[in-house]
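Novice: My structure is below; once you've seen it, I'll send some questions.
In my numbering, the protein residues as written are 27 to 300.
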């Protein structure tokens, strides 16, 4: 390493993040793996057409331009996490009436509709807010469960979708599906067991949790772990127990001595010998 690189490293101060200090630094790697899949992994392009390659040629002018796949600025309101929008979101941008008019801020909202979806693993009908793209994706994957299990967290994005996916994975991992029908349970488990391959049981336990929920879960686990008791407290309790035993023994001896003295002395017997 050169002196210049060493000097840069000496003056480099890493930016503090939620993972560098506090409870976030203590969270297990299983949750950090899910977080990378949810927040850091690049999602599938939904609101623009992704171009392949590094350069593109204009057919009319034959000019060559570099390919720039820049994601559109998206907004995720709190209602987004209460439904399954299939990767769609609120688009933030500008619009103008004509070429010479001043542009104005504008928001494009997806078309939302309330519908019912069926989870074959959970054997439950769910009433959720979805979009047309969600319906198309469910049909492409031949079922709601296949859609959730095949789609990564960065594309699902919604907390509701991730919670349902976590519940499905837990049911498959623990084989708690269809408790009253053994034949149906084996049939459904055989159909969906391939989706358990990318995960361990511990990773499924931490999958689909928000950062706040993960911190609460970690704190609860730490509280359940047996606390290490200092030796001085152990020795103190042992000493107190021994002292109590000695006091009990002393009290027993005193009681025995007083009872023997009462038995030996009888006021009705004469002290004269015959």
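Positions of the beta carbon are idealized from the N, C-alpha and C atoms, including for glycine.
(1) Could you check the C-alpha separation between residue 157 and residue 39 for me, to the nearest Å?
(2) If you drop the 5 nearest sequence neighbours on each side, which residues of the same chain put their C-beta closer than 8 Å to that of residue 122?
(3) Work out the CA separation of residue 275 and residue 53 for me, nearest whole Å.
(4) Mind checking which residues open and close the beta strand (DSSP E) that includes residue 66?
(5) Does residue 251 come out as helix, strand or coil in the three-state DSSP assignment?
(6) Check the C-beta distance from residue 147 over to residue 194 and give it rounded, since I have them as a contact under 8 Å.
(7) Can you grab the Cα-Cα spacing for the pair residue 106 / residue 77, in whole Å?
(8) By a C-beta neighbour count over all protein chains shown, 10 Å radius and 16 as the cutoff for buried, is residue 111 buried or exposed?
(9) Would you mind working out which of 169, 113 and 172 sits nearest residue 72, comparing C-alpha positions?
(10) Does residue 299 pass the burial test, meaning 16 or more other C-beta atoms within 10 Å, or should it be called exposed?
(11) List the residues that DSSP assigns as beta-bridge partners of residue 139.
(12) Considering only DSSP beta bridges, list what residue 227 is partnered with.
(13) Quick test of the definition: if touching needs 3 or more C-beta pairs under 8 Å, does the segment 86-103 touch the segment 255-273?
(14) Unbroken alpha helix (DSSP H) runs of length 4 or more, entirely within the segment 161-230: which are they?
(15) Between which two residues does the beta strand (DSSP E) holding residue 119 run?
Specialist: In terms of the structure at hand:
(1) The alpha-carbon atoms of residue 157 and residue 39 are separated by roughly 44 Å.
(2) Hits under 8 Å: 128, 129 and 130.
(3) Distance between the alpha carbons of residue 53 and residue 275: 53 Å.
(4) Unbroken run through residue 66: none, as it is neither H nor E.
(5) In this structure, residue 251 counts as coil in the three-state DSSP scheme.
(6) Contact between residue 147 and residue 194 holds, with the beta-carbon distance rounding to 5 Å and staying under 8 Å.
(7) Rounded to whole angstroms, residue 106 to residue 77 spans 28 Å at the Cα level.
(8) Classification of residue 111: buried, given that the 10 Å Cβ count is 16 or more.
(9) Residue 72 has its Cα closest to that of 113, out of 169, 113 and 172.
(10) In this prediction, residue 299 scores a pLDDT of 46, lower than 50, which makes its location untrustworthy; no coordinate-derived value is stated.
(11) Bridge partners of residue 139: 156.
(12) Answer is none; residue 227 lacks a bridge partner.
(13) Of all C-beta pairs linking the segment 86-103 to the segment 255-273, fewer than three are shorter than 8 Å, placing the two stretches out of contact.
(14) Runs of the alpha helix (DSSP H) inside the segment 161-230: 170-176, 179-182, 185-200 and 208-218.
(15) Taken as a continuous stretch (DSSP letters only), the beta strand (DSSP E) holding residue 119 covers 116-121.
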